[in-house]
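Peer 1: Each protein sequence line maps, in turn, to chains A and B. Using our numbering, read the first sequence as starting at 1 and increasing by one per residue. Using our numbering, read the second sequence as starting at 150 and increasing by one per residue. Glycine included, every Cβ here is placed at the ideal spot set by N, Cα and C.
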Amino acid sequence: MSELRELYQQVILDHNRKPRNFGKLDGANRTAEGYNPLCGDQVRVYLDIEAGVIRDIRFEGSGCAISKAAASMMTASLKGKTIGEADQLFGRFHDMLTAAGNGGAAAELGKLAVFSGVCEFPSRIKCATLPWHTVRAALAGKDEPVSTE
Amino acid sequence: MITARDARAAAAPAAALWDVERIRKDFPALHQRVHGKPLVYLDNAATSQKPQAVIDALVAYYSLENSNVHRGVHLLSEKATQAYEEARVRVQRFLNAAEAREIVFVRGATEGINLVAASYGRTWIGAGDEVIISTIEHHSNIVPWQLLCEERGALLRVIPVDDAGELLLDEYARLLGARTKLVAVSHISNALGTVNPVKRMIEMAHRQGVPVLVDGAQAAPHLRVDVRELDCDFYVFSGHKALGPTGIGVLYGRAEWLERMPPYQGGGDMIASVTFEKTTYNALPYKFEAGTPHIAGVIGLGVALDYLSGLGLDRVAAHERELLTYGTATLQAAPGVRIIGTARDKASVLSFIVDGVHAHDVGTILDHAGIAVRAGHHCAMPVMRRFGVPATVRASLAFYNTREELDALGAGLREVREIFG
Ligand SMILES: Cc1ncc(COP(=O)(O)O)c(C=O)c1O
């Protein structure tokens with residue numbers, strides 16, 4: 001039970017119920033779609049980039065609580081960041097979920113640290129990283145949907 | 150020594166004999182803990198657990214008889230060949246096929262379907278012809294036909310279902326026409342549990358001279374299959390869903406069809422003689438069994454089917470029907486749960502969604518309570534689309550499951566509500 005509570009923290013459940021920055025972004029100049037065929041999670045991200053800065057970011061799609069909360073919190077934390085900073089954040093986020101016992105990474109992630117419980121659930125890591133991979137694809141200007149497989 | 154008491158017990162009605170605790174003892178994998186909880190295995194539609202007898206048969210084969218079949222002059226090879234061919238006869242009896250040569254060993258249901266698509270399909274299906282499948286097929290009974298239709302310029306026609314998950318037979322009757330060259334339909338749907346009226350569907354097809362392939366992957370372990378009574382032309386199933394090893398399955402084909410069909414793969418064992426000018430093929434069923442087969446798998450499958458027959462498929466079905474009724478009531482009592490697939494004739498499968506909670510999250514929480522279910526599209530994405538859901542949770546039953554395990558599922562679902570509010 002305690003591991004489960006670690007995974008489904010209130011913040012995550014809250015973002016799942018009331019995702020922030022949800023819906024299409026009119027005037028986006030980058031977009032990409034991500035898909036996790038294992039569980040059917042599907043997400044589309046929209047970005048408005050100017051001079052290397054993420055001025056606005058929104059998402060839409062459907063999926064499990066982890067992927068929805070991850071997308072919601074990702075958009076909140078990426079707004080206003082430079083592309084370089086976004087890349088760095090993704091790197092840390094990814095490390096927290098995959099590198100065992102890396103408390104250091106979690107400390108620098110701020111609110112995103114609530115996802116640290118996901119690393120105890122290997123089958124759910126892709127749910128948390130899907131929106132991030134999708135943003136990366138959008139930044140790289142890829143039109144092909146990205147897949148977690 | 151058999152006592153009179155044993156003899157009486159054997160004559161007692163089936164229900165009185167059903168001792169699930171004793172049966173469970175035969176399945177070592179059921180007696181373990183996951184996440185500190187006793188395992189509740191409700192993912193039988195994905196694969197069944199294996200009885201000790203099957204595991205022992207594999208060990209005995211590799212420890213004692215291991216050698217290649219149909220080619221050795223030495224004793225071990227003779228023994229292996231004998232065991233291999235005896236297993237074929239066991240499968241023949243299990244399906245009540247007319248002849249052992251109508252039983253072709255393949256890797257599983259998927260390969261069986263691909264074999265028919267490649268061999269029958271490329272020979273008899275051409276431009277403008279039609280293949281009929283249903284909305285509730287597993288991807289393995291969709292994609293091989295799509296590939297074939299694409300290659301041949303043929304058309305795939307799909308029987309629709311109603312909201313309960315039952316095939317619309319009137320629509321099926323309309324689809325059957327002069328261009329129809331094959332019907333391929335599941336006996337039991339893995340995503341919904343619908344038992345399709347295949348006997349009637351075969352009759353309807355045969356009236357138009359159309360052969361029928363039945364995908365029995367979900368049926369073979371749950372109800373008595375009689376290919377002659379069904380009068381089907383092809384029947385496929387996978388060993389691993391029917392207590393047997395992975396990597397082995399069966400294609401039953403009516404001899405008249407198999408005789409006329411070209412080989413699927415070329416290689417050793419499937420030939421009578423080879424020269425660079427001309428190769429003559431081996432007799433049935435070897436024409437379709439190129440290369441060294443999965444000998445251990447075949448032997449294990451034979452033992453698995455004997456185990457099932459020993460229990461009696463009718464009794465297995467009766468026990469599972471009772472469990473399904475109980476499980477249905479359990480789900481109906483759980484908060485915010487909606488069952489997907491409510492056909493009148495259903496077997497083994499409870500597919501459902503939980504209001505406001507994604508199937509994947511339900512699956513994770515249940516897993517932590519020791520309950521193994523599947524969450525996702527169950528390799529049946531068109532079914533998900535038809536019912537307007539991205540995914541479902543699927544609890545699939547076997548004869549070794551108990552009411553207590555379904556109670557645990559009910560408790561797990563209450564925990565889902567607690568966490569998600
Ligand atoms: C109805 C149905 N058909 C075919 C298959 C494919 O079986 P296999 O993967 O063993 O070939 C399955 C397996 O899930 C199934 O449920």
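Applying a beta-carbon distance threshold of less than 7 Å, which residues of chain A neighbour His526/B?
Peer 2: Near His526/B (Cβ distances below 7 Å), the residues of chain A are Gly40.
Peer 1: Can you round the beta-carbon distance between Thr513/B and Arg124/A to whole angstroms, since I take them to be within the 8 Å contact cut?
Peer 2: With a Cβ gap of about 6 Å, Thr513/B and Arg124/A count as contacting.
Peer 1: Give the straight-line distance between the Cα atoms of Ala161/B and Ala322/B, rounded to the nearest whole angstrom.
Peer 2: Only weak support exists for where Ala161/B lies, its pLDDT of 40 falling under 50; the coordinates are left without a value.
Peer 1: Residues around ligand 1, please: the ones whose beta-carbon is closer than 5 Å to some heavy atom of it, in chain order.
Peer 2: The filter returns Gly257/B, Ala258/B, Thr259/B, His287/B, Ser289/B, Ser335/B, Asn339/B, Asp364/B, Ala366/B, Gln367/B and Ser387/B, in chain order.
Peer 1: Can you check DSSP and say which residues form a bridge with Lys495/B?
Peer 2: Lys495/B is bridged to Thr343/B.
Peer 1: Just checking, does the segment 250-270 of chain B make contact with the segment 411-419 of chain B on the three C-beta pairs under 8 Å criterion?
Peer 2: Result yes; three or more Cβ-Cβ pairs closer than 8 Å.
Peer 1: What residues of chain B sit near Cys127/A, judged by a beta carbon separation below 8 Å?
Peer 2: Here the neighbours are His509.
Peer 1: Is the beta carbon of Val376/B closer than 8 Å to that of Tyr401/B?
Peer 2: It is a contact, given that the beta carbons lie within the stated cut-off.
Peer 1: Which of the three DSSP states is assigned to Glu60/A in this structure?
Peer 2: Glu60/A falls in the strand class under three-state DSSP.
Peer 1: Counting only beta-carbon atoms, is Cys119/A nearer than 8 Å to chain B?
Peer 2: No - not a single Cβ of chain B is within 8 Å of the one on Cys119/A.
Peer 1: Can you list, in chain order, the residues of its chain whose CB lies under 6 Å from that of Val363/B, leaving out five sequence neighbours each side?
Peer 2: Counting only Cβ-Cβ distances below 6 Å, and skipping sequence neighbours, we find His336, Val347, Cys381 and Tyr384.
Peer 1: Just to confirm, are Ile274/B and Val307/B a CB contact at a threshold of 8 Å?
Peer 2: Not a contact, by the Cβ cut-off of 8 Å.
Peer 1: Would Gln357/B and Leu325/B be called neighbours here (beta carbons separated by less than 8 Å)?
Peer 2: Yes, the Cβ-Cβ distance between Gln357/B and Leu325/B is below 8 Å.
Peer 1: Ser545/B and Leu191/B look like a contact to me (Cβ under 8 Å); what is the Cβ gap, rounded to whole Å?
Peer 2: Correct: roughly 6 Å between the Cβ atoms.
Peer 1: With DSSP run on the structure shown, which of helix, strand or coil describes Pro122/A?
Peer 2: Three-state result, Pro122/A: helix.
Peer 1: To which residues does DSSP link Gly34/A through a beta bridge?
Peer 2: Val43/A and Val146/A, per the DSSP bridge assignment.
Peer 1: Taking buried to mean at least 16 other C-beta atoms within 10 Å of its own C-beta, is Val222/B buried or exposed?
Peer 2: When all chains shown are included, Val222/B counts as exposed.
Peer 1: Would you please state the rounded distance, in angstroms, between the beta carbons of Ser72/A and Arg20/A? I believe it to be under 8 Å.
Peer 2: Contact flag correct, Cβ pair sits at about 5 Å.
Peer 1: For His184/B versus His509/B, is the C-beta spacing smaller than 8 Å?
Peer 2: No; because the gap between Cβ atoms is not below 8 Å, this pair is not in contact.
Peer 1: Is the beta carbon of Ile568/B sitting closer than 8 Å to the one on Val538/B?
Peer 2: Contact: no.
Peer 1: Quick one: is Ile57/A near chain B, going by C-beta distance under 8 Å?
Peer 2: No, no contact with chain B.
Peer 1: Within the 8 Å Cβ cut-off, does Ser72/A reach chain B?
Peer 2: So no, Ser72/A is outside the interface.
Peer 1: Check the C-beta distance from Ala86/A over to Leu78/A and give it rounded, since I have them as a contact under 8 Å.
Peer 2: About 5 Å separates the two Cβ atoms, so the contact holds.
Peer 1: If we define contact as Cβ-Cβ less than 8 Å, is Glu3/A a contact residue for chain B?
Peer 2: With 8 Å as the cut-off, Glu3/A counts as an interface residue toward chain B.
Peer 1: Which residues does DSSP list as the beta-bridge partners of Arg182/B?
Peer 2: According to DSSP, which records beta bridges pairwise, Arg182/B is partnered with Pro187/B.
Peer 1: Which bits of chain B does Arg124/A rub up against, with CB to CB less than 7 Å?
Peer 2: Those are Thr513, listed as they occur along chain B.
Peer 1: Please tell me whether Thr152/B has its Cβ less than 8 Å away from any Cβ of chain A.
Peer 2: Only weak support exists for where Thr152/B lies, its pLDDT of 41 falling under 50; the value from the coordinates is given anyway. No, its Cβ sits nowhere closer than 8 Å to a Cβ of chain A.
Peer 1: Can you find the residues in the same chain that come closer than 7 Å, C-beta to C-beta, to Tyr430/B, ignoring five residues on each side of it along the sequence?
Peer 2: Closer than 7 Å at Cβ, skipping near neighbours: Pro412, Met419, Ile420, Ala421 and Lys436.
Peer 1: CB-CB under 8 Å to Gly261/B, same chain, minus the five flanking residues each way: which ones, in chain order?
Peer 2: These residues qualify, in order along the chain: Val253, Val255, Phe383, Val385, Phe386, Gly398, Val399 and Leu400.
Peer 1: Please classify Gln42/A: is it buried, with 16 or more other beta-carbons within 10 angstroms of its beta-carbon, or exposed?
Peer 2: Classification of Gln42/A: buried, given that the 10 Å Cβ count is 16 or more.
Peer 1: Between the Cα of Ser2/A and the Cα atoms of His15/A, Val45/A, Leu139/A and Gly117/A, which residue gives the shortest distance?
Peer 2: Comparing Cα-Cα distances from Ser2/A to each of His15/A, Val45/A, Leu139/A and Gly117/A, the minimum goes to Gly117/A.
Peer 1: By the criterion of Cβ-Cβ separation under 9 Å, what are the contact partners of Leu13/A in chain B?
Peer 2: Going along chain B in sequence order, the residues near Leu13/A (Cβ under 9 Å) are Ile568, Phe569 and Gly570.
Peer 1: Do Gly141/A and Arg58/A have their C-beta atoms within less than 8 Å of each other?
Peer 2: Not closer than 8 Å, so no.
Peer 1: Please name the residues in the segment 65-98 of chain A whose beta-carbon is closer than 9 Å to at least one beta-carbon of chain B, in chain order.
Peer 2: If the cut-off is 9 Å between Cβ atoms, the segment 65-98 of chain A has Ala65, Ile66, Ser67 and Lys68 near chain B.
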